[in-house]
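Structure, as structure tokens:
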Amino acid sequence: MTDVSEFLNDPASLGEWRLVPDKSTVAVNVKSMWGLVPVKGRFTELSGEAQLTGGPTVFGRVVIKAASLRTGIGRRDRHLHSADFFDAEKFPDITVEVNGLTATRADTVELAGQLTIKGTSKPLPLTAQVAVFDDGTARLVTESRVDRQEFGVDGNLLGMIVDMATISGDIVFRRVR
Numbered sequence: 001m002t003d004v005s006e007f008l009n010d011p012a013s014l015g016e017w018r019l020v021p022d023k024s025t026v027a028v029n030v031k032s033m034w035g036l037v038p039v040k041g042r043f044t045e046l047s048g049e050a051q052l053t054g055g056p057t058v059f060g061r062v063v064i065k066a067a068s069l070r071t072g073i074g075r076r077d078r079h080l081h082s083a084d085f086f087d088a089e090k091f092p093d094i095t096v097e098v099n100g101l102t103a104t105r106a107d108t109v110e111l112a113g114q115l116t117i118k119g120t121s122k123p124l125p126l127t128a129q130v131a132v133f134d135d136g137t138a139r140l141v142t143e144s145r146v147d148r149q150e151f152g153v154d155g156n157l158l159g160m161i162v163d164m165a166t167i168s169g170d171i172v173f174r175r176v177r
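In structure tokens, the structure reads:
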């Protein structure tokens, strides 16, 4: 494993990176039943790319298919995909774009990101734990709390669902060039 600062300044790290879907996860956790019952879900379709150009200049994008959200209950999943919540037919992609990075510790970076859901974009600052491996992969683990109402993800029947949702990512990228 390599220190993040060393990794960002190593010419061998520069170039294009691709998200490894079968090693990456994005999950959501929100409370239902007036905050009493946690509902956990996982998005099963992800793609993404990153570009390291040196001096810690970075661009990254993760695309999450809204209709791939799975909670383990088919009826609930279909409702979450509907216009009441994610409106996955009209807005198939949820995106996280990163255009800034600052190494803060040997294994931690601050990312300047932007989250887009249902056509609404908001800043998304993220703190990520980073691990760089000898097999040409880098893993970022992060978590953020998001107010779903700011993105029009409503479907709130009589206040049953709290507004704040926790989104977590465990994302693996592999260098391709």
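Under full-length UniProt numbering, think of the first position of the sequence shown as 1, with each following residue one higher.
Note that CB positions come from ideal geometry on N, CA and C, so glycine has one too.
From a predicted model like this one, the values you see are computed outputs, not experimental measurements.
Item	Value
Just curious, the beta strand (DSSP E) that residue 93 is in, first and last residue?	93–105
Pick out whichever of 17, 43, 10 has its Cα sitting closest to the Cα of residue 28.	43
Measure from the alpha carbon of residue 170 to the alpha carbon of each residue in 15, 125, 7, 22, then state which is nearest.	22
Can you check DSSP and say which residues form a bridge with residue 29?	40, 166
With a CB to CB cut of under 7 Å and the five nearest residues on each side skipped, what residues in its chain are close to residue 144?	124, 126, 167
Should residue 109 be labelled buried (16 or more other beta-carbon atoms within 10 Å of its own) or exposed?	buried
In three-state DSSP terms, what is residue 151?	helix
Mind checking who residue 20 pairs with in its DSSP beta bridge?	For residue 20, which the question treats as bridged, DSSP gives no partner whatsoever.
Does the segment 98–113 come close enough to the segment 72–79 that 3 or more CB-CB pairs lie under 8 Å?	no
What is the rounded straight-line gap between the Cα of residue 14 and the Cα of residue 26?	25 Å
What is the DSSP secondary structure of residue 45, reduced to helix, strand or coil?	coil
Count the other CB atoms within 10 Å of the CB of residue 176; is the residue buried (16 or more) or exposed (fewer)?	exposed
Output the distance between the C-alpha atoms of residue 137 and residue 41, rounded to the nearest integer angstrom.	26 Å
Helix, strand or coil: which one does DSSP assign to residue 119?	coil
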